[in-house]
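Q:
Residue numbers (the working numbering), protein chains in the order written: chain F, -12 to 985; chain S, 14 to 286.
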């Protein structure tokens, strides 16, 4: 006989058995620099089980389920602290505990008992004070946004219950509000709508002759959020630029006159109607009109789709999850990749995810200190330390991506101190699908079926939150927008969906989409746009009681998809879901008489909105945009820069620069080979210590046709986003070309992360980037197929200073490798082979890594421009060379310039060396000292070739500037006599490996 | 043609490459969900080979493979024993190894020929958290003991550059409950594969990467041979010369071994019946 109680079980290593987690925390505590770091940390897993369990049952659970009988021991109940300091970390009530959920499932099957399980971690710290332990807890073990830290064993008598909420849906008196009151309402209710939008809503309700109900207003706020509709990119923009005659950067003037959607005015300004449509989409349309026939679906679905072969299509989506990651990097990054994977599952009639990418932008870990420090900047209140941010982001992507079984195989990290309050987390996902499953629309009468996770209060207001600006109080104010994902729930759902898609009687559903930002409100709103929909909110399964209907409707709880299913297919779908332990619920039907969205709760109508107003009622706006190049003072800040001492020092410091240094610490934590499709891995060479330009996988088993994946990011050229964007497109294409992708079969994606575009200067720089997308995509014949923007990335400190991020545009690309057996990698192959550079080097050093540390003057401060004729031509020629088998290895020259790229080729294969000679290096204009080595001129490639193939190579390259600049040997050293360079490959490699070897 | 069963469950994610490996080695393959098998264990009797793929079953909650191992101990142990008695090779990489170790299928009864206990025995070996407490994906150099009784790795003739396998795990540190057990397993030919002594990625005892039961049929290992069935999966295949890639990759050879064994078994079975 036992009453419901909370049982506590502690599991720890047996004496003499290893405790790697404890050891890792001891090392981390030491690195944090607390006064008295622990000598020893013992870690313990804590399970709290609420339910009716007999002592026998409990003993059985701890012995058979909770403990590893070889290495661990279990204790029932709370044991007293074992050391000088004690910590225990538990998720806060309401925060997801995926491990607890899995344990509940196991107990249900083992004992037939329904119990509730929460898990925690206990640490007994020897040789440290309680105060220091608390510092360690807050900096390394817990994030108080989602965790509670206990200083004694936590053993509650019962789990906290949710509060009862008011279940009625209120009416918001709005029809009589003036402008000030509208603005106030928008801010206080976290709607983040502009005055014009609030006015449009007020006017609509005046016509309807009633006030909006709270759930209707929330629906509009979600649907109209920047996150969901990209209203800035679609606005009418009046753009004005002023480039002074003596502009040191020699910023290019963009020829906008005559471009579709652009009206040039006599005063030099230009009006652009729908920036997105007139630049990015326009380029794709023109390319499709001019013969590119492999784009199957662009800009309309959750991801862009291109043809892969006669039977298969591949799709690509990239998302950002910046604001949640600023507050809780682990959960933010994990749910970022989780959400992007759902976009792929929700593309067409579902694609199977086969690859993931990740790119992070964070502040330099070494430049920030939590306490005042002589040489470092002090971390602003409300910001997490960048080292912790990066650590936790990587863990989040790792734990979600690995558990989903999707190889994360391409990415990068860019460091800049302006990301201190607002780091960026880009997550991309690629899927493969049969070509006859690329579209699907619901029909009237189809049921609205939700699959997957339950709905909870987590993630409420994510869409609107992501559209707002971060401040030092956001961690408190928006903790409810932060979530922890459960990848197993998503994997089960994916398994069930693919089985339903490929069912022998045909696809069991007519349409599918994911529940992302805005939750059910966005998913049902989008799917039912043309039909209307009736929803019964009480039918949604809930994580716990007490959610209001509005909360159910807008909750962004993870791992849910919405499908349109005919009544007759529901039982078959249900049977598949039962096998996979996936919950299915029937929320209502599509199709209403007047194309309305009708929301019911327990038989009562609680909301009604015309789909037309939801989707077309958002007022268009005209926005002002201006641009001028940075003035002298901002363009030249050389106070902290020193003249280079020697070429060897510059080279070593560049290889060790965090942007350039090896990312093995990240890459090796990801299972980048799961699914068995890998052909070119992110790290290549005989020791897996060479940075690959791109990844290649086989999407279709048994075929030799491959898919290459890469990205381009050129934030160093932030001073002119036009130049920066072209460089990113060029870099992405070169990365792909270097591994064997056909550059004439490449599709790209845009992801803009910008500081607030309410500032006309930021909007002006956005316009320049978008215009470059148009020019670059047309020149390289790389259609954009999907994109996303995040346009409010800045952080306001408690003293009111705003730190804006640099304008950041990620170009993601994927393309076809005609035959993977012809792929090449960047590591050098053989002594006696020659090193050939393709593309000329010019003197512009602006934005280069060299210029970050060393002063440059005058002309050389220009930003290097992509050659839009020779760049694409070089890509095509190099592809021809690779297909002919004339290239032993290929590497693009980008961050750091030519010399670091050449060195990387040499040190990534055991025993080789490289003798360089720049006498024949093709150049444009005069170059200052070091420019040959470190200028970051785009458009250049390094090829390793056999002497025997030289004349064939000359024939293919023709007029493209190219020359022999070195020869590989077996010296194990890199030499460049004209600069007095002579260093061992091992030393160079050590510098490259050492920086991020965390 | 022998037929292989691939058992999937919530969080299993290396089932596709395992299917392909069985197919490339000449087997038919069917995947069945653990939930289905727990309701109808006899379905296992139809198969000539069994694969327990890698992944993160139930999110690896508590410890890797723990929950699925518990479920199988309860519902499928006797069916598995029946399969071993029939001579069915069982392949258990990564999460699969964590499961068969916790089900007590490896190292199994200590004396060759001794029969299996009626209920699942207490685990004697485990795969603990990596020494560095971190997930790692890389290729490792491996060695195959000449005297192994593992039917998957016996008699493989492999060149040095090809003696590598990919690993990808956070909990792969092999620990036996005693040194005596380890010594017994070594003497009894139950070490199926080792990490090269300078390339032990997780702190495993005795550099052990994989073991088998005393029949040699049940093969539990942390590496993923199913991800090494074509040369373009090799980590530096672009640096290998044509001669090195003449033979079949190591992973595929293991599957060929097992499929040949299963074909022989079913032929023998046909002769007896």
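Even for Gly, the Cβ is constructed at its ideal location relative to N, Cα and C.
1. Which bits of chain F does residue 146/S rub up against, with CB to CB less than 8 Å?
2. Does the CB of residue 86/S have a neighbour CB from chain F at under 9 Å?
3. Go through its chain and collect everything with a Cβ distance to residue 860/F's Cβ below 7 Å, but skip five positions before and after it.
4. Taking only the alpha-carbon atoms, compute the straight-line gap between residue 1060/F and residue 881/F and give it to the nearest angstrom.
5. Please confirm whether residue 286/S has its beta-carbon closer than 9 Å to some beta-carbon of chain F.
6. Is the beta carbon of residue 52/F sitting closer than 9 Å to the one on residue 102/F?
7. Going by DSSP in three states, residue 17/F sits in which element: helix, strand or coil?
8. Pick out the complete beta strand (DSSP E) segments inside the stretch 229 to 257 of chain F, 3 residues or longer, and give them in chain order.
9. Going by the beta-carbon positions, is the gap between residue 584/F and residue 675/F smaller than 9 Å?
10. For a cutoff of 9 Å on Cβ pairs, would you count residue 417/F as touching chain S?
11. Are the beta-carbon atoms of residue 271/S and residue 234/S separated by less than 9 Å?
12. So that I know if they touch, is there some Cβ in chain F lying closer than 9 Å to that of residue 35/S?
13. For residue 203/S, collect the residues of the same chain with a Cβ closer than 6 Å to its Cβ; drop the 5 residues on either side in sequence, then sort them by chain order.
14. Could you please give the first and the last residue of the uninterrupted beta strand (DSSP E) stretch that includes residue 413/F?
15. In terms of residues, what are the limits of the beta strand (DSSP E) holding residue 302/F?
16. Would you mind stating whether residue 534/F and residue 442/F have Cβ atoms separated by less than 9 Å?
17. Please check if any C-beta of chain S sits within less than 9 Å of the C-beta of residue 298/F.
18. So, residue 108/S versus residue 53/S, is the Cβ gap smaller than 9 Å?
19. At 4 residues or longer, what runs of the alpha helix (DSSP H) sit wholly inside the stretch 73 to 98 of chain S?
20. Note down, in chain order, every chain S residue with its Cβ under 8 Å from the Cβ of residue 39/F.
21. Could you please give the first and the last residue of the uninterrupted beta strand (DSSP E) stretch that includes residue 2/S?
22. Is the Cβ-Cβ distance between residue 995/F and residue 293/F less than 9 Å?
23. Measure the C-alpha to C-alpha separation of residue 722/F and residue 398/F and round it to an integer number of angstroms.
24. Return no unless some Cβ of chain F is closer than 9 Å to the Cβ of residue 76/S.
25. Name, please, each residue of chain F whose Cβ falls closer than 8 Å to the Cβ of residue 29/S.
26. Identify whether residue 770/F lies in helix, strand or coil by the three-state DSSP scheme.
27. Look at the alpha carbon of residue 950/F and the alpha carbon of residue 890/F, and state the distance between them as a whole number of angstroms.
28. Under 9 Å, Cβ to Cβ, is there at least one residue of chain F near residue 137/S?
29. Can you tell me whether residue 844/F is buried or exposed, with buried defined as 16 or more other CB within 10 angstroms of its CB?
30. For residue 35/S, tell me which candidate among 171/S, 18/S, 23/S and 67/S has the shortest Cα-Cα distance.
31. Report the start-end ranges of each beta strand (DSSP E) in the stretch 631 to 694 of chain F that is 3 residues or longer and not cut off at the edges.
32. Over what stretch of residues does the alpha helix (DSSP H) that includes residue 825/F continue unbroken?
33. From 208/S, 265/S and 251/S, pick the residue whose C-alpha is nearest to that of residue 810/F; which is it?
34. In whole angstroms, what separates the C-alpha of residue 622/F from that of residue 706/F?
35. Would you please verify whether the beta carbon of residue 231/S is less than 9 Å from any beta carbon of chain F?
36. Using 10 angstroms around the beta-carbon of residue 828/F, count the other beta-carbons present and answer buried if the total reaches 16, otherwise exposed.
A: Judging by the given coordinates:
1. Correct list: 7, 8, 10 and 11.
2. In terms of beta-carbon proximity, residue 86/S lines the interface with chain F, with at least one pair separated by less than 9 Å.
3. Excluding residues within five positions, the ones whose Cβ falls inside 7 Å are 947.
4. Because residue 1060/F is not part of the residues shown, which for chain F are -12 to 985, the question remains open.
5. Confidence at residue 286/S is low in this model, with a pLDDT of 43, below 50, so its placement is unreliable and the value that follows should be read with caution. Contact with chain F is absent for residue 286/S, since none of that chain's Cβ atoms lies less than 9 Å from the residue's Cβ.
6. No, Cβ-Cβ distance for residue 52/F and residue 102/F is not below 9 Å.
7. Three-state DSSP puts residue 17/F in a helix.
8. 249 to 251, all fully within the stretch 229 to 257 of chain F.
9. Taking C-beta atoms as the reference points, residue 584/F and residue 675/F fail to come closer than 9 Å.
10. No, no contact with chain S.
11. Against a cut-off of 9 Å, the Cβ pair of residue 234/S and residue 271/S comes out as no contact.
12. With 9 Å as the cut-off, residue 35/S does not count as an interface residue toward chain F.
13. Excluding residues within five positions, the ones whose Cβ falls inside 6 Å are 120, 224 and 225.
14. Element bounds for residue 413/F: 411 to 421.
15. 299 to 307 is the extent of the beta strand (DSSP E) around residue 302/F.
16. Taking C-beta atoms as the reference points, residue 534/F and residue 442/F count as a pair closer than 9 Å.
17. It does not: the Cβ of residue 298/F has no partner Cβ on chain S nearer than 9 Å.
18. For the pair residue 108/S and residue 53/S, the CB atoms are not nearer than the 9 Å cut-off.
19. The alpha helix (DSSP H) runs of length 4 or more contained entirely in the stretch 73 to 98 of chain S are, from start to end of the chain, 79 to 88 and 90 to 98.
20. Within chain S, no residue comes near residue 39/F; the closest Cβ sits about 20 Å away, beyond 8 Å.
21. Look at the range of chain S in this structure, 14 to 286, and you will see that residue 2/S is not part of it.
22. Not covered by the structure: residue 995/F. The range shown for chain F is -12 to 985.
23. One C-alpha to the other measures close to 12 Å.
24. Yes, residue 76/S lies at the interface with chain F (some Cβ there is under 9 Å from its Cβ).
25. Ordered by position in chain F, the residues that pass the 8 Å Cβ test against residue 29/S are 662, 663 and 688.
26. When DSSP states are grouped into helix, strand and coil, residue 770/F belongs to the coil group.
27. C-alpha separation (whole angstroms): 17 Å.
28. Yes, its Cβ sits closer than 9 Å to a Cβ of chain F.
29. Exposed.
30. Looking at the Cα atoms, 18/S is the closest of the given residues.
31. Segments of the beta strand (DSSP E) lying fully in the stretch 631 to 694 of chain F: 665 to 667 and 682 to 684.
32. For residue 825/F, there is no enclosing alpha helix (DSSP H); the enclosing beta strand (DSSP E) covers residues 821 to 825.
33. Residue 251/S holds the alpha-carbon nearest to the alpha-carbon of residue 810/F among 208/S, 265/S and 251/S.
34. No answer about residue 622/F holds up, because its pLDDT of 48 lies below 50 and its placement is not dependable.
35. Answer no: the Cβ-Cβ gap between residue 231/S and chain F never drops below 9 Å.
36. Buried, since its Cβ has 16 or more Cβ neighbours within 10 Å.
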